[in-house]
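Enquirer: My structure is below; once you've seen it, I'll send some questions.
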Amino acid sequence: MRRHLSNDPFTNPVGGIDDNDDTDDGDKKYNKDSDDDDDGNNAVSSTKSKKGKDTVGRCTLFDDKRWEQKFQRLIAYKKRHKSTNVPSKYKKDPKLGSWVHNQRKLYKNNELSEERINHLESIGFAWDLHNTQWMEMYQRLVAYKKQHKSTNVPKMYKTDPKFGSWVLSQRQFYKNNELSEKRLQLLNAINFVWSAKNAWVEMYQRLVAYKKQHKSTNVPSKYKQDPKLGTWVYSQRQFYKNNELSEERINHLGSLGFVWNQHDAKWTEMYIKLVEYKRQHHGSTLVPIGYTEDPSFGRWVSKQSYAYNEGNMLEKRLKLLNSIGFVWNSLDVQWTAMYNKLVEYKRQHHGSTTVPQRYMEDPQLGQWVRAQRKNNKLTDKRMELLNSINFVWSVKKASIS
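Next up, the structure:
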């Protein structure tokens, strides 16, 4: 049966595939066809048309070499481009673009033979080009929502500008009551937000309420109490990073003290803890790695030394840490401090370095001594220091002897 085309007058998707696209992609141009006077666009055929009338023609499909030539060139085009949507003004092969355009026109006017329709459809020929383009954009929107949990594509979407414009145009068509019922249903099926501005304001108000309760705008990305808010906050940072957030929205979020770089915020929070730690510990920044009161804080301090040694410390952070006398080789300093404790232990315990693992007077020393015995990556320098005080590497051997 004949396929009916959409009656939707608003079919050209803003930002879709340009029917006049002639961007050079390396295809060779056809300089001149052997069929200069006739490019196979005639509707003629010895078969009957879809209206049942006899069509006057010179030959059947397979005798019409000119039509067959164009069809073969279309097959080659599809093989290269994965599509039969040849631009009507296709610079590499102008006649092919014109021929494809005319096949659609003949089909629309019911002037294309059944044989030719079947041949074109056998390679996935799209009769309604504009609807095909709309569906391609719709599938992009479905994929976008799956990734971002939202249909609010920025108007100035740098990753895919035409896609951002297309989403905007759907809202405009809806506002003007110019969107077909079928397309309206498809968009509603994925909970398309028809008023992006209202949706943004609603989420902003939820962030205001969150800050009032938590004294912070750092909503976790997986916030159980309000998953959408967590995702939305994360998206605002991504849009800002990609320069896809309007000045107005930047200002609104900025007025809340919104933290654009969450990693910076966490680093600053830890730095403030270190300043306070130094104040409480007689000017020392040597926080143990296994700091029981706040394990994550101890690990953070250790990471700063590592980042510095690897040359990955930001200049701004380097200055802040230097300003409080941060000890960069903290691991060496801590190891030396424990070694000195062991020397003192030996002096007080008749030359013995066998510190009990659960040494009540200094639990850390007992654990440190045990760690040295198990550490097979000790530097030569540390090995020499321990051997110089007759360190017992095997407690069992010492007990037997």
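So for the sequence shown, full-length UniProt numbering puts the first residue at 1; every next one is plus one. C-beta: ideal position from N, C-alpha, C; glycine also.
Please report the straight-line C-alpha distance between PHE125 and LYS182, rounded to a whole angstrom.
Expert: Distance between the alpha carbons of PHE125 and LYS182: 22 Å.
Enquirer: With a 10 Å radius around its C-beta and 16 neighbouring C-beta atoms as the bar for buried, classify LYS65 as buried or exposed.
Expert: exposed
Enquirer: Please report the residue range of the alpha helix (DSSP H) in which ASN191 lies.
Expert: It is not in any alpha helix (DSSP H) - ASN191 carries neither H nor E in the DSSP assignment.
Enquirer: Which word fits PRO161, buried or exposed, when buried means at least 16 other C-beta atoms lie within 10 angstroms of its C-beta?
Expert: exposed
Enquirer: Quick one: any contact between the region 217–237 and the region 128–138, if contact means 3 or more CB pairs under 8 Å?
Expert: Touching, no.
Enquirer: Is it buried or exposed for ASP294, if we count other Cβ within 10 angstroms and need 16 for buried?
Expert: By the 10 Å Cβ count, ASP294 comes out exposed.
Enquirer: Starting from the Cα of THR151, find the closest Cα among ARG140, TYR291 and SER305 and give me that residue.
Expert: ARG140
Enquirer: Note down the Cα distance separating ASN340 from ASP362, rounded to an integer number of angstroms.
Expert: 13 Å
Enquirer: Going by other Cβ atoms of all chains shown within 10 Å of its Cβ, with 16 needed for buried, is PRO356 buried or exposed?
Expert: PRO356 counts as exposed, since fewer than 16 other C-beta atoms from the protein chains shown sit within 10 angstroms of its C-beta.
Enquirer: With distances taken from CA atoms, which of GLU121, ASN329 and MET360 is nearest residue 402?
Expert: Since the first residue of the chain shown is 1 and the last is 401, residue 402 is not available in this structure.
Enquirer: Let's see if you can read the secondary structure: which residues bound the alpha helix (DSSP H) around PRO94?
Expert: Unbroken alpha helix (DSSP H) run through PRO94: 94–108.
Enquirer: Check whether the Cβ atoms of LEU106 and TYR77 lie closer than 9 Å to each other.
Expert: no
Enquirer: Who are the near neighbours of VAL369 in its chain, counting only those whose CB is closer than 6 Å to its CB and skipping five residues on each side?
Expert: VAL355
Enquirer: Counting Cβ pairs closer than 8 Å, one from the region 163–177 and one from the region 198–213, do we hit at least three?
Expert: no
Enquirer: Which residues in the same chain have their Cβ closer than 6 Å to the Cβ of TYR234, if we skip the five residues on either side of it in sequence?
Expert: SER221
Enquirer: Is the beta carbon of ASN218 less than 9 Å from the beta carbon of VAL259?
Expert: yes
Enquirer: Helix, strand or coil for GLY351? Go by DSSP, reduced to three states.
Expert: coil
Enquirer: Quick one: residues in its chain with C-beta nearer than 7 Å to the C-beta of ARG206, no 5 flanking neighbours on either side, listed in chain order?
Expert: ASP226 and LEU229
Enquirer: Only counting runs of 3 or more residues, tell me where the beta strand (DSSP E) segments fall wholly within the region 187–241, in order along the chain.
Expert: none
Enquirer: For the structure I just gave you, are there three or more beta carbon pairs, one from the region 339–353 and one from the region 310–327, closer than 8 Å?
Expert: no
Enquirer: Around the C-beta of THR292, are 16 or more other C-beta atoms found within 10 angstroms, so that it is buried, or is it exposed?
Expert: Result: exposed.
Enquirer: On the criterion of 16 or more Cβ atoms from any shown chain inside 10 Å, does SER45 qualify as buried, or is it exposed?
Expert: Model confidence at SER45 stands at a pLDDT of 43, short of 50, so the residue's coordinates are unreliable; what they give is reported in the following sentence. Classification of SER45: buried, given that the 10 Å Cβ count is 16 or more.
Enquirer: Which of helix, strand or coil does DSSP assign to TYR138?
Expert: helix
Enquirer: Beta-carbon separation of ARG104 and LEU74 under 9 Å?
Expert: Between ARG104 and LEU74, the C-beta gap is not smaller than 9 Å, which leaves the two residues out of contact.
Enquirer: Does the beta-carbon of ASN110 have 16 or more other beta-carbons within 10 angstroms, so that it is buried, or is it exposed?
Expert: exposed
Enquirer: What number of angstroms, rounded off, separates the C-alpha of SER49 from the C-alpha of SER113?
Expert: Summary for SER49: the model assigns pLDDT 44, below 50, so the residue's position carries little reliability, and this model does not support an answer.
Enquirer: Apart from the five residues just before and just after ALA307, which ones in its own chain have a Cβ nearer than 6 Å to its Cβ?
Expert: Exclusion of the five residues before and after ALA307 leaves MET313 as the residues of its chain whose Cβ lies within less than 6 Å of its Cβ.
Enquirer: How far does the alpha helix (DSSP H) with ASN322 in it reach, from first residue to last?
Expert: 315–323
Enquirer: Closest to ILE123 by C-alpha separation, out of THR84, HIS101 and SER195, would be which residue?
Expert: THR84
Enquirer: Do you know whose CA, among ARG347, MET383, ASN390 and MET338, lies nearest GLY366's CA?
Expert: MET338
Enquirer: Grouping DSSP H, G and I as helix and E and B as strand, with all else coil, what is PHE125?
Expert: coil
Enquirer: Out of curiosity, what's the CA-to-CA distance linking GLU248 and LEU286?
Expert: 45 Å
Enquirer: Assuming SER388 is part of the alpha helix (DSSP H), what are its boundary residues?
Expert: 380–388
Enquirer: Give me, in chain order, the residues of the same chain whose beta-carbon lies closer than 7 Å to that of TYR359; leave out the 5 immediate sequence neighbours on both sides.
Expert: Cβ neighbours of TYR359 beyond the five flanking positions: LEU365 and GLY366.
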